[in-house]
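Novice: Dropping the structure in here first, questions after.
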Amino acid sequence: MNSTFALFILGWTVVMVALLAIGGYFMFRKFLKRLPKEDGKSIIDWEEHYIEETLHMWNDEQKAFLEELVTPVPELFRDVAKQKIAARIAQVALQKKAKTITQDIIIEGYILATPKRDHKFLKKTLHEKNIDVQPYQPLFEQS
Numbered sequence: 104m105n106s107t108f109a110l111f112i113l114g115w116t117v118v119m120v121a122l123l124a125i126g127g128y129f130m131f132r133k134f135l136k137r138l139p140k141e142d143g144k145s146i147i148d149w150e151e152h153y154i155e156e157t158l159h160m161w162n163d164e165q166k167a168f169l170e171e172l173v174t175p176v177p178e179l180f181r182d183v184a185k186q187k188i189a190a191r192i193a194q195v196a197l198q199k200k201a202k203t204i205t206q207d208i209i210i211e212g213y214i215l216a217t218p219k220r221d222h223k224f225l226k227k228t229l230h231e232k233n234i235d236v237q238p239y240q241p242l243f244e245q246s
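In my numbering, the protein residues as written are 104 to 246.
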């Protein structure tokens with residue numbers, strides 16, 4: 104009985120250390136994103152700035168489209184992913200001096216904000232909505 108209990112304690116210790124390490128990793132990443140850069144603003148500050156600057160440019164249809172694009176992200180991380188993607192979309196819109204957020208800007212910002220492994224779902228969604236992927240091919244290749 105003592106050896107069984109000792110193995111249980113050892114296993115539980117390994118599980119706890121692993122969970123703490125995973126949690127610490129994500130907390131440390133968030134901490135690094137909050138540190139100010141050379142310009143005095145952090146990555147998260149810039150994301151919030153871009154979103155605030157373009158809030159008036161979004162309509163309900165475009166918000167729903169963005170919501171549909173982030174559905175493959177696990178719900179636990181969806182808000183963080185949506186903020187990062189929306190900030191990149193807003194940055195693209197401001198660079199193009201757009202008056203409103205269009206579907207093209209959303210797609211371009213999504214491609215630039217997400218890693219290549221997520222592009223497969225985007226292409227599938229665009230295909231289902233009968234949106235041609237060809238104009239965005241250079242963006243898929245460069246990112």
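Ideal Cβ positions, reconstructed from N, Cα and C, are used throughout, including at glycine.
Within this structure, are the beta carbons of Met160 and Ile204 separated by less than 8 angstroms?
Specialist: In contact: Met160 and Ile204 (Cβ atoms closer than 8 angstroms).
Novice: Can you tell me which of Asp235, Lys226 and Phe111 puts its alpha carbon nearest to the alpha carbon of Val173?
Specialist: When each option's Cα is compared against that of Val173, the closest is Lys226.
Novice: Considering only residues of the same chain and omitting the five flanking positions on each side of Tyr153, which have a CB-CB separation below 7 angstroms?
Specialist: Counting only Cβ-Cβ distances below 7 angstroms, and skipping sequence neighbours, we find Ala190, Ala193, Gln194 and Leu197.
Novice: Roughly how many angstroms lie between the CA atoms of Lys250 and Leu169, to the nearest whole one?
Specialist: Any question about residue 250 goes unanswered here, given that the chain covers just 104 to 246.
Novice: Would you check if the distance between the CB atom of Leu242 and the CB atom of Val236 is smaller than 8 angstroms?
Specialist: The answer is no: Cβ separation not under 8 angstroms.
Novice: Quick one: is Gly212 buried, meaning 16 or more other Cβ sit within 10 Å of its Cβ, or exposed?
Specialist: The residue in question, Gly212, is buried, as its Cβ has 16 or more Cβ neighbours within 10 Å.
Novice: Rounding to the nearest angstrom, what Cα-Cα distance links Glu155 and Gly143 in this structure?
Specialist: If I take the Cα positions, the gap works out to 18 angstroms.
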